[in-house]
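Sequences listed follow chains A and B, in order.
Quick note: the first sequence uses my numbering, first residue 13, plus one each step.
Quick note: the second sequence uses my numbering, first residue 15, plus one each step.
We put the beta carbon where it would ideally sit given N, CA and C, even for glycine.
All figures in this text were calculated on a predicted structure; none of them were measured in a lab.
Okay, so here's the structure we're looking at.
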Amino acid sequence: MSKSPFKKALLIAAALATTTSALAAGKLEIFSWWAGDEGPALEALVKLYKEKYPSVTVDNATVSGGAGTNAKAVLKTRMLGGTPPDSFQAHAGQELIGTWVVAGRMEDLSSLFKSEGWTKAFPADVVKLISSKGGIWSVPVNVHRSNVMWYNPAKLKAWGVTVPKTWPEFINTCATLKKKGVAAPLVVGENWTQQHLWENVMIGTLGAQGWENLWAGKTKFTDPKVVGAFTTFGKVMDCANKDASGLSWQQASDRIISGQSAFNIMGDWAAGYYTTTKKLAPGQGFGWATAPGTSKTFVMLADSFGLPKGAKNRAEAINWLKLLGSKQGQDAFNPLKGSIAARTDSDLSKYNTYSKSAATDWKNSKIVGSMAHGAVAPESFMSAFGAVIDQFVATRNSAGAAAAAQALATRAGIGQ
Amino acid sequence: MSKDRLWAVAVLAPSVILIGIFVYYFIGRTVYVSLTDWGNDPAQALALDPIIRWVGLQNYSELFSGFLQGRFRQELVNTLFFTVFFILGCLGLGLGLALILDRNPRGEGLWRTIFLFPMSLSFIVTGTIWRWMLQPQGGVNQAPTLLGAPPSTFAWLSSNDSVLKFDWNTLPLITASVVGVVLLFLAVGAAREGNRVRTLVAAVCAALLIGWAVFVGPNVKLLAAPELHGFNLAMIGIIIAAVWQMSGYTMALYLAGLRGIPEELREAAKVDGARDAQMYRFVIFPLLSPITLSAMIILGHISLKIFDLVYAMAGPDNIAASVPALNMYLTSFRQNQFALGAAIGTILLILVAFVIVPYLANQFRGEEGHP
Numbered sequence: 013m014s015k016s017p018f019k020k021a022l023l024i025a026a027a028l029a030t031t032t033s034a035l036a037a038g039k040l041e042i043f044s045w046w047a048g049d050e051g052p053a054l055e056a057l058v059k060l061y062k063e064k065y066p067s068v069t070v071d072n073a074t075v076s077g078g079a080g081t082n083a084k085a086v087l088k089t090r091m092l093g094g095t096p097p098d099s100f101q102a103h104a105g106q107e108l109i110g111t112w113v114v115a116g117r118m119e120d121l122s123s124l125f126k127s128e129g130w131t132k133a134f135p136a137d138v139v140k141l142i143s144s145k146g147g148i149w150s151v152p153v154n155v156h157r158s159n160v161m162w163y164n165p166a167k168l169k170a171w172g173v174t175v176p177k178t179w180p181e182f183i184n185t186c187a188t189l190k191k192k193g194v195a196a197p198l199v200v201g202e203n204w205t206q207q208h209l210w211e212n213v214m215i216g217t218l219g220a221q222g223w224e225n226l227w228a229g230k231t232k233f234t235d236p237k238v239v240g241a242f243t244t245f246g247k248v249m250d251c252a253n254k255d256a257s258g259l260s261w262q263q264a265s266d267r268i269i270s271g272q273s274a275f276n277i278m279g280d281w282a283a284g285y286y287t288t289t290k291k292l293a294p295g296q297g298f299g300w301a302t303a304p305g306t307s308k309t310f311v312m313l314a315d316s317f318g319l320p321k322g323a324k325n326r327a328e329a330i331n332w333l334k335l336l337g338s339k340q341g342q343d344a345f346n347p348l349k350g351s352i353a354a355r356t357d358s359d360l361s362k363y364n365t366y367s368k369s370a371a372t373d374w375k376n377s378k379i380v381g382s383m384a385h386g387a388v389a390p391e392s393f394m395s396a397f398g399a400v401i402d403q404f405v406a407t408r409n410s411a412g413a414a415a416a417a418q419a420l421a422t423r424a425g426i427g428q
Numbered sequence: 015m016s017k018d019r020l021w022a023v024a025v026l027a028p029s030v031i032l033i034g035i036f037v038y039y040f041i042g043r044t045v046y047v048s049l050t051d052w053g054n055d056p057a058q059a060l061a062l063d064p065i066i067r068w069v070g071l072q073n074y075s076e077l078f079s080g081f082l083q084g085r086f087r088q089e090l091v092n093t094l095f096f097t098v099f100f101i102l103g104c105l106g107l108g109l110g111l112a113l114i115l116d117r118n119p120r121g122e123g124l125w126r127t128i129f130l131f132p133m134s135l136s137f138i139v140t141g142t143i144w145r146w147m148l149q150p151q152g153g154v155n156q157a158p159t160l161l162g163a164p165p166s167t168f169a170w171l172s173s174n175d176s177v178l179k180f181d182w183n184t185l186p187l188i189t190a191s192v193v194g195v196v197l198l199f200l201a202v203g204a205a206r207e208g209n210r211v212r213t214l215v216a217a218v219c220a221a222l223l224i225g226w227a228v229f230v231g232p233n234v235k236l237l238a239a240p241e242l243h244g245f246n247l248a249m250i251g252i253i254i255a256a257v258w259q260m261s262g263y264t265m266a267l268y269l270a271g272l273r274g275i276p277e278e279l280r281e282a283a284k285v286d287g288a289r290d291a292q293m294y295r296f297v298i299f300p301l302l303s304p305i306t307l308s309a310m311i312i313l314g315h316i317s318l319k320i321f322d323l324v325y326a327m328a329g330p331d332n333i334a335a336s337v338p339a340l341n342m343y344l345t346s347f348r349q350n351q352f353a354l355g356a357a358i359g360t361i362l363l364i365l366v367a368f369v370i371v372p373y374l375a376n377q378f379r380g381e382e383g384h385p
């Protein structure tokens, strides 16, 4: 009699052990920074995954914090500690390649791309961005466009100016607006929005090919053309508000609506902000055009998922990646996230007015990657480049800033 | 060993071992990493088995004279100004409040709670609240409109203007001159006391330093181009928030000190014909000086390692209002430059040691005096 409770406990333990091992066979941990507004989009994907693989328990390991500021630090701890998540989010391109691929921590997904036919489904420019050393390293889920200039159509009419097509034209328009009493024709916000503006001035001045050469190491930052583009950037910054570093991108966007400023260069998440949060009609409450000098170019950034070496549930993670790259997965996710699908065959009826126009351009434009959002430069460059921009805005020393950028590029191994 | 001693050792051993590993070993490890090149090559930074090479003091020379590290130098200057104004602000405001409360005003307990309350918040909360209040187009800047005046336009946290600028290249010159002059004063003091050896050593050192400053210093160049640093006006808002947070604490310290002064002393001073001002000047303030010292130590090390307040108020990428601790975090965990980050950490440790070690030495000496 005295032994029976012990036996019972043993039985229960054995039963538990079998159930947990059964569960362990179907488990998947997804690591991302999609909390808050972006949470529902991720939930839609997870729901889809559960429908396809009902036996798998999905562990949604989200670390909140805009643009992954906190998540990236947590991820580093986990990777260095030897417990990588099964699949994690990273900005597509050099942010992943320059940090984790060069360190030999990621699995090559080339075979997956081949078997799923993704090399044809995704534009060639995109596949080039996420490839290096003969491998393809992540699956892009969505695409955002960063070279968009936002304005207030009613205000532009009142001021009697049109949307400038090139940066020199922009500087002229800026002078006209200043004469009409607009103190800051252009609105910028905190440091990263200035980097965002900088890259748009660069691409608009150097052209898409010139921009690619810069990151391939074919053109040096100290090249007279690049130094000249820095000078143009300085002139553009002369049009901007003086209280920039205290403004978030949303606060900067607000000044277009209030009519305090005429133009804002921001990614297309601004469209989501204007339509969803501010309840404005696209084309009436706010207008958009490609950033000056970039009409046939689509500057992209993308969120993507990769497969770290040593993932505990590799098979489930690969199923997850397959879902992310599928047409069904991308069309479930992107309308909710406010971005467009990276695939060119997505179902446009599900998207809003702005996204439809962006999706059309996605198919017809030259695609290049964004520096400010991790597509073309590794983390070590991006993070330190903020200081270069801040220094430049304070001193307006083009040659100095170009030299500093080149020193950073050399250190980060760009073009090697 | 007696049983008591054995018990003492057994009880203390775990914490001694844990502190040994998690404090001192890791300090040593950080210093070691700061002397390597871990992270300079992105391919090695996060690799499973990174190849790490010994580079000596290269990271430190990069920080103080490297072309790319202007940000760090501005942060050192910011820290210096922040520390000075933060300590002065807290001591001044804290003493003032304590003196008022010491007069037993009505509702003293309530006031004490109100003044001490900010301390119960964390810096990140304080920072967030003050960030809202110091928005360029809101909060404090809107206050004048309540009286019908136009709103103020001061760019609290985003200003790029600075005052008291100096060229970083002249730093060795300034340091040598200041230390030389201090030594000169020490020499004069020692001479007055009649301590010959001390006079001689201090005078010779002062002469050497000042001589160096006059003849060699002007030609020393840390950087190829002049680099101006100064007290950035964007720091004012952060200093105000920090003083708001910590002055209640100095008030509590001073109030305890004031209450600890026996009534007899005050009465004796009054009998001797001291007016109020004289009583404070000659009786009360001298008795409060140990409290001032400990408050300075505590505030000093808070200000040197401050991180969260600045992160919340100015954001991580605003060089004009940044501090070394913030840069250490960004360098290590965003740029993956672990060695450079460790070097910044080591410099911070040395700065804090400058504040703490004299205090600890003083404490131990005091304890030895009273066994």
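*Members of the stretch 35 to 63 of chain B that neighbour chain A once the beta carbon cut-off is set at 9 Å*: Answer in chain order: G53, N54, D55, P56, A57, Q58, A59, L60, A61 and L62.
*On the DSSP bridge assignment, give the partners of A/R157 in chain order.*
A/M312
*Taking the alpha carbon of B/P150 as the point to measure from, which residue in A/V113, A/M249, A/G271 and A/Q263 has its own alpha carbon closest?*
A/Q263
*Measuring only between beta-carbons, confirm whether B/N388 sits less than 8 Å from chain A.*
Since the displayed chain B opens at 15 and closes at 385, residue 388 of chain B lies outside it and no answer follows.
*Taking A/M91 as the query, report the chain B residues whose CB atoms sit under 9 Å from its CB, ordered along the chain.*
Here the neighbours are L60.
*asked:* Taking CB distances under 8 Å as the criterion, tell me whether A/P96 reaches chain B.
replied: Chain B, which has no Cβ nearer than 8 Å to the Cβ of A/P96, makes this no.
*How about B/Q349 and A/S392: are their beta carbons less than 8 Å apart?*
The answer is yes: Cβ separation under 8 Å.
_Cβ contact (3+ pairs, closer than 8 Å) linking the stretch 321 to 333 of chain B and the stretch 128 to 147 of chain B_ = yes
_Taking the beta carbon of B/N376 as the centre, do at least 16 other beta carbons fall within 10 Å, making it buried, or is it exposed?_
exposed
*Residue span of the beta strand (DSSP E) that contains B/Q151, given as start and end*: Membership of B/Q151 in any beta strand (DSSP E) is not indicated, and neither H nor E is assigned to it by DSSP.
*Inter-residue Cα distance where the pair is A/M118 and B/A190*: 52 Å
*By a C-beta neighbour count over all protein chains shown, 10 Å radius and 16 as the cutoff for buried, is B/M23 buried or exposed?*
Met is not the amino acid found at residue 23 of chain B; the sequence shown has Val there. It is exposed - the Cβ of B/V23 has fewer than 16 other Cβ atoms within 10 Å.
*Starting from A/A187, follow the beta strand (DSSP E) in both directions and report where the run begins and ends.*
No beta strand (DSSP E) holds A/A187; the alpha helix (DSSP H) holding it covers W179 to K191.
*Is any beta-carbon of chain B found at less than 8 Å from that of A/W45?*
no
*Spell out whether any CB of chain B is found under 8 Å from the CB atom of A/R408.*
For A/R408, the answer is no, since every Cβ of chain B falls outside 8 Å of its Cβ.
_Same chain only: Cβ atoms within 7 Å of A/A303, ignoring 5 sequence neighbours per side_ = N159, V160, M161, N212, G216 and I277
*Three-state secondary structure (DSSP) at A/I42?*
A/I42 carries a strand assignment under DSSP once its states are collapsed to helix, strand and coil.
*Given 8 Å, three or more beta-carbon pairs between the stretch 257 to 264 of chain B and the stretch 85 to 105 of chain B*: yes
_Three-state class that DSSP yields for A/T32 in the structure shown_ = For A/T32, the predicted structure reports a pLDDT of 47, less than 50, and the residue's modelled location is therefore unreliable. A value from the coordinates is still provided. Of the three classes helix, strand and coil, the one that applies to A/T32 here is helix, per DSSP.
_Which residue marks the beginning of the alpha helix (DSSP H) containing B/F299, and which one marks its end?_
That run of the alpha helix (DSSP H) goes F299 to L318.
*Nearest chain A C-beta to B/Q72 closer than 8 Å, yes or no?*
Taking a beta-carbon distance threshold of 8 Å, B/Q72 does not count as an interface residue toward chain A.
*Going by the C-beta, is B/C104 closer than 7 Å to any heavy atom of the ligand SAH?*
What this structure holds is no ligand at all, so the ligand SAH is not there to describe.
*Identify every run of the alpha helix (DSSP H) within the stretch 179 to 216 of chain B, keeping only runs that are complete inside it and at least 4 residues long; order them along the chain.*
185 to 207
*Starting from B/W125 and walking both ways along the alpha helix (DSSP H), at which residues does that stretch end?*
E122 to L130
*Beta-carbon proximity of B/Y268 to B/G108, cut-off 8 Å*: Closer than 8 Å, so yes.
*Just the Cα atoms here: how many angstroms apart are A/S33 and A/K324?*
At A/S33 the pLDDT is 45, less than 50, meaning the model places this residue with poor confidence; the figure from the coordinates comes in the next sentence. Cα-Cα distance, rounded: 13 Å.
*Within this structure, are the beta carbons of A/A413 and A/F182 separated by less than 8 Å?*
no
*Compare the C-beta of B/P150 against all C-beta atoms of chain A and say whether one is closer than 8 Å.*
yes
*Kindly list the residues whose CB is nearer than 7 Å to the CB of A/M13, restricted to its own chain and excluding five residues on each side of it in sequence; keep chain order.*
Its pLDDT being 39, under 50, A/M13 is placed unreliably by the model, and the measurement read from it follows with that caveat. Closer than 7 Å at Cβ, skipping near neighbours: no residue.
_Interface residues of the stretch 243 to 259 of chain A facing chain B [CB-CB below 7 Å]_ = Per Cβ criterion, the list reads K254, D255, A256, S257 and G258.
*Just mark B/D175 as buried or exposed, buried being the case when its beta carbon has 16 or more other beta carbons within 10 Å.*
exposed
*Go ahead and label B/F36 buried or exposed: buried means 16 or more other beta carbons lie within 10 angstroms of its beta carbon, across all protein chains shown.*
exposed
*Helix, strand or coil for A/A241 per DSSP?*
In this structure, DSSP gives A/A241 a helical state, which the three-state scheme calls helix.
*asked:* Less than 8 Å between the beta carbons of B/V223 and B/L200, yes or no?
replied: The question names Val, but residue 223 of chain B is Leu in the sequence shown. No, they are not a contact pair.
_Entirely enclosed beta strand (DSSP E) segments - the stretch 269 to 328 of chain A, minimum 3 residues_ = With a minimum length of 3 residues, the continuous beta strand (DSSP E) runs that stay inside the stretch 269 to 328 of chain A are 275 to 278, 299 to 302, 309 to 313 and 315 to 318.
_alpha helix (DSSP H) segment containing A/T365, residue limits_ = T365 to N376
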